[in-house]
Amino acid sequence: MENISKQVVSIEDKKVIGYVLKPWIDFSILKKTGYIVVDEESEQEYFLKLENIISFGEVILIESSNVLEIYDFQDEFRKKVYSLSGDYFGIIENYNFQNNFLRKIITNKAEFYAKNIVNFGNDILFLSFKRKRRKSFPRFESEDFKVEVMNKKPDLPPVVNLSFGYYLGKVATRTLLGINNELIVKEGTSITKQIFDRAKKHNKINELYFICK
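Position 180, counted from 1, in the sequence shown is what numbering that gives the first Met the number 0 calls 179; the numbers after and before it change by one each time, with no gaps.
Following this line, the structure appears as C-alpha coordinates:
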(Lines of atoms letter the chains of each structure in order from A and count residues from 1; the text may use other names and numbers.)
(Lines give C-alpha, C1' and ligand atoms only; values in the text may rest on other atoms or scores of the structure.)
Protein backbone atom coordinates (compact mmCIF):
# COMPACT_ATOMS: atom_id res chain seq x y z
CA MET A 1 0.00 0.00 0.00
CA GLU A 2 1.12 3.52 -0.80
CA ASN A 3 3.23 5.26 1.89
CA ILE A 4 3.32 2.23 4.20
CA SER A 5 6.58 2.07 6.25
CA LYS A 6 7.67 5.58 5.13
CA GLN A 7 9.41 7.62 7.81
CA VAL A 8 7.61 10.65 9.24
CA VAL A 9 9.88 13.68 9.69
CA SER A 10 9.06 16.72 11.85
CA ILE A 11 10.41 20.10 10.71
CA GLU A 12 10.08 21.72 14.14
CA ASP A 13 11.56 18.74 16.03
CA LYS A 14 14.26 18.30 13.37
CA LYS A 15 14.10 14.53 13.56
CA VAL A 16 12.37 11.36 12.41
CA ILE A 17 9.26 10.92 14.54
CA GLY A 18 8.35 7.44 13.42
CA TYR A 19 7.04 5.45 10.46
CA VAL A 20 3.68 4.86 8.78
CA LEU A 21 2.06 1.61 9.89
CA LYS A 22 -1.20 1.72 7.92
CA PRO A 23 -3.86 4.04 6.51
CA TRP A 24 -6.94 4.95 8.53
CA ILE A 25 -10.36 4.73 6.85
CA ASP A 26 -13.52 6.45 8.02
CA PHE A 27 -16.12 3.92 6.86
CA SER A 28 -18.97 6.38 7.44
CA ILE A 29 -17.72 8.39 4.44
CA LEU A 30 -15.64 5.64 2.77
CA LYS A 31 -12.53 7.80 2.78
CA LYS A 32 -8.93 7.67 3.97
CA THR A 33 -8.59 10.41 6.58
CA GLY A 34 -5.04 9.81 7.79
CA TYR A 35 -2.38 7.31 8.82
CA ILE A 36 -1.41 5.40 11.94
CA VAL A 37 2.18 6.33 12.81
CA VAL A 38 4.44 4.37 15.16
CA ASP A 39 6.91 6.32 17.32
CA GLU A 40 10.38 4.80 16.71
CA GLU A 41 11.48 5.25 20.32
CA SER A 42 8.41 4.37 22.39
CA GLU A 43 6.54 2.17 19.84
CA GLN A 44 3.44 4.21 20.76
CA GLU A 45 0.89 4.46 17.93
CA TYR A 46 -0.47 7.86 16.87
CA PHE A 47 -3.07 9.14 14.42
CA LEU A 48 -1.83 11.58 11.76
CA LYS A 49 -4.57 13.44 9.85
CA LEU A 50 -4.08 14.00 6.14
CA GLU A 51 -4.55 17.75 6.54
CA ASN A 52 -1.54 17.85 8.90
CA ILE A 53 0.82 16.41 6.27
CA ILE A 54 2.93 19.02 4.49
CA SER A 55 4.26 16.81 1.69
CA PHE A 56 4.75 13.22 0.49
CA GLY A 57 8.08 12.09 -0.93
CA GLU A 58 10.67 9.56 0.14
CA VAL A 59 9.55 10.62 3.63
CA ILE A 60 6.37 12.26 4.93
CA LEU A 61 6.89 15.79 6.24
CA ILE A 62 4.89 17.30 9.11
CA GLU A 63 5.25 20.67 10.83
CA SER A 64 5.56 19.33 14.39
CA SER A 65 5.07 16.19 16.47
CA ASN A 66 2.29 18.12 18.23
CA VAL A 67 -0.07 17.32 15.33
CA LEU A 68 0.02 13.61 16.23
CA GLU A 69 -3.00 12.37 18.19
CA ILE A 70 -3.12 9.41 20.56
CA TYR A 71 -4.38 6.38 18.63
CA ASP A 72 -7.41 4.79 20.32
CA PHE A 73 -9.47 3.59 17.35
CA GLN A 74 -10.62 0.06 16.60
CA ASP A 75 -8.40 -1.89 14.20
CA GLU A 76 -10.24 -1.94 10.87
CA PHE A 77 -7.70 -4.31 9.25
CA ARG A 78 -8.95 -7.30 11.23
CA LYS A 79 -12.65 -6.77 10.47
CA LYS A 80 -14.48 -9.86 9.24
CA VAL A 81 -16.58 -9.35 6.13
CA TYR A 82 -20.04 -10.88 5.62
CA SER A 83 -22.81 -10.37 3.08
CA LEU A 84 -26.43 -9.85 4.07
CA SER A 85 -27.01 -13.28 2.54
CA GLY A 86 -24.83 -14.81 5.24
CA ASP A 87 -21.76 -15.50 3.09
CA TYR A 88 -18.32 -15.05 4.66
CA PHE A 89 -15.79 -13.07 2.60
CA GLY A 90 -12.75 -13.30 4.89
CA ILE A 91 -10.73 -10.71 6.84
CA ILE A 92 -9.66 -7.29 5.50
CA GLU A 93 -6.02 -7.24 4.37
CA ASN A 94 -5.64 -4.36 1.93
CA TYR A 95 -7.30 -1.32 0.37
CA ASN A 96 -7.44 0.41 -2.99
CA PHE A 97 -7.97 4.19 -3.06
CA GLN A 98 -8.83 6.80 -5.67
CA ASN A 99 -8.18 10.40 -4.56
CA ASN A 100 -8.23 9.16 -0.95
CA PHE A 101 -11.72 7.71 -1.38
CA LEU A 102 -12.01 3.99 -0.71
CA ARG A 103 -12.53 2.19 -4.04
CA LYS A 104 -12.00 -1.48 -3.18
CA ILE A 105 -11.38 -3.66 -0.16
CA ILE A 106 -9.26 -6.80 -0.44
CA THR A 107 -9.68 -9.67 2.02
CA ASN A 108 -7.86 -12.98 2.24
CA LYS A 109 -10.68 -14.54 0.18
CA ALA A 110 -12.04 -11.90 -2.22
CA GLU A 111 -12.11 -8.29 -3.33
CA PHE A 112 -15.14 -6.04 -3.72
CA TYR A 113 -16.13 -2.43 -4.35
CA ALA A 114 -16.48 -0.10 -1.38
CA LYS A 115 -19.96 0.87 -2.59
CA ASN A 116 -21.10 -2.66 -1.67
CA ILE A 117 -20.62 -1.81 2.02
CA VAL A 118 -23.98 -1.33 3.75
CA ASN A 119 -23.07 -1.38 7.45
CA PHE A 120 -20.06 -1.78 9.73
CA GLY A 121 -19.07 -2.12 13.37
CA ASN A 122 -15.95 -2.64 15.47
CA ASP A 123 -15.44 -6.24 14.32
CA ILE A 124 -17.63 -6.84 11.26
CA LEU A 125 -18.35 -5.21 7.92
CA PHE A 126 -21.51 -6.07 5.95
CA LEU A 127 -22.00 -6.17 2.18
CA SER A 128 -24.97 -6.30 -0.14
CA PHE A 129 -24.92 -6.98 -3.86
CA LYS A 130 -28.59 -6.24 -4.52
CA ARG A 131 -29.88 -3.02 -6.08
CA LYS A 132 -32.53 -2.59 -3.40
CA ARG A 133 -31.30 -2.21 0.14
CA ARG A 134 -32.94 -3.33 3.35
CA LYS A 135 -34.74 -0.49 5.07
CA SER A 136 -32.32 -0.68 8.00
CA PHE A 137 -29.63 0.85 5.74
CA PRO A 138 -31.42 3.77 3.99
CA ARG A 139 -28.31 5.80 3.17
CA PHE A 140 -27.36 3.37 0.35
CA GLU A 141 -30.81 2.86 -1.24
CA SER A 142 -30.11 4.82 -4.42
CA GLU A 143 -26.74 3.31 -5.29
CA ASP A 144 -26.15 0.99 -8.20
CA PHE A 145 -23.94 -1.94 -7.29
CA LYS A 146 -21.66 -4.17 -9.29
CA VAL A 147 -20.14 -7.33 -7.83
CA GLU A 148 -16.43 -7.96 -8.24
CA VAL A 149 -15.46 -10.91 -6.07
CA MET A 150 -13.22 -13.86 -6.72
CA ASN A 151 -15.60 -16.60 -5.61
CA LYS A 152 -18.02 -16.97 -2.72
CA LYS A 153 -16.76 -20.51 -2.28
CA PRO A 154 -13.22 -20.50 -3.69
CA ASP A 155 -11.53 -23.63 -4.93
CA LEU A 156 -9.00 -25.27 -2.66
CA PRO A 157 -5.66 -23.40 -2.90
CA PRO A 158 -2.51 -25.09 -4.19
CA VAL A 159 -0.11 -26.70 -1.74
CA VAL A 160 2.03 -23.96 -0.20
CA ASN A 161 5.80 -24.43 -0.30
CA LEU A 162 7.17 -24.18 3.27
CA SER A 163 10.85 -24.33 2.28
CA PHE A 164 12.84 -21.09 2.44
CA GLY A 165 14.69 -22.10 -0.72
CA TYR A 166 11.51 -21.57 -2.74
CA TYR A 167 11.22 -17.93 -1.59
CA LEU A 168 14.89 -16.94 -1.84
CA GLY A 169 15.30 -14.18 -4.43
CA LYS A 170 11.57 -13.72 -5.01
CA VAL A 171 10.01 -10.26 -4.60
CA ALA A 172 6.87 -9.32 -2.66
CA THR A 173 4.18 -7.87 -4.96
CA ARG A 174 2.45 -6.11 -2.06
CA THR A 175 2.99 -5.25 1.59
CA LEU A 176 2.23 -8.01 4.10
CA LEU A 177 1.34 -7.28 7.72
CA GLY A 178 1.49 -9.57 10.77
CA ILE A 179 -1.09 -10.56 13.39
CA ASN A 180 -1.04 -7.14 15.07
CA ASN A 181 -0.18 -5.25 11.86
CA GLU A 182 3.57 -5.56 12.34
CA LEU A 183 5.40 -5.07 9.03
CA ILE A 184 6.51 -8.48 7.67
CA VAL A 185 7.58 -7.40 4.19
CA LYS A 186 7.15 -4.23 2.16
CA GLU A 187 5.99 -4.28 -1.46
CA GLY A 188 8.93 -4.61 -3.87
CA THR A 189 11.28 -6.11 -1.23
CA SER A 190 13.30 -9.28 -1.92
CA ILE A 191 12.50 -12.16 0.42
CA THR A 192 15.25 -12.89 2.97
CA LYS A 193 15.56 -15.55 5.63
CA GLN A 194 14.59 -12.95 8.24
CA ILE A 195 11.41 -12.07 6.35
CA PHE A 196 10.59 -15.74 5.82
CA ASP A 197 11.03 -16.48 9.56
CA ARG A 198 8.91 -13.44 10.47
CA ALA A 199 6.10 -14.62 8.19
CA LYS A 200 6.33 -18.11 9.67
CA LYS A 201 6.15 -16.70 13.21
CA HIS A 202 2.94 -14.83 12.34
CA ASN A 203 1.48 -17.84 10.50
CA LYS A 204 1.59 -15.87 7.23
CA ILE A 205 3.55 -18.31 5.03
CA ASN A 206 0.39 -19.07 3.04
CA GLU A 207 -0.13 -15.40 2.23
CA LEU A 208 3.60 -14.85 1.55
CA TYR A 209 3.39 -17.66 -1.03
CA PHE A 210 0.67 -15.88 -3.02
CA ILE A 211 2.27 -12.41 -3.04
CA CYS A 212 5.75 -13.53 -4.22
CA LYS A 213 6.99 -13.60 -7.78
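Think of the CB as a built atom: it goes at the ideal place given N, C-alpha and C, for glycine as much as any other residue.
Can you check whether the CB of residue 27 is closer than 8 Å to the CB of residue 63? no
Should the region 159-175 be regarded as contacting the region 195-212, the criterion being three or more beta carbon pairs within less than 8 Å? Touching, yes, given that three or more Cβ pairs across the two stretches are closer than 8 Å.
C-alpha gap between residue 104 and residue 48, whole angstroms: Between residue 104 and residue 48, the C-alpha separation is close to 21 Å.
Compute the distance between the beta-carbons of residue 29 and residue 180, then report whether it is under 8 Å. no
Reference residue 182; option with closest CA among 166, 50, 35: 35
Check residue 171 in the structure and name its three-state DSSP category. Three-state result, residue 171: strand.
C-beta atoms of residue 61 and residue 7 nearer than 8 Å: yes
Relative to the C-alpha of residue 111, which residue among 120, 122, 90 is closest? 90
Nearest residue (CA-CA) to residue 68, options 56, 80, 184, 50: 50
Locate the beta strand (DSSP E) running through residue 79, then write down its first and last residues. 79-82
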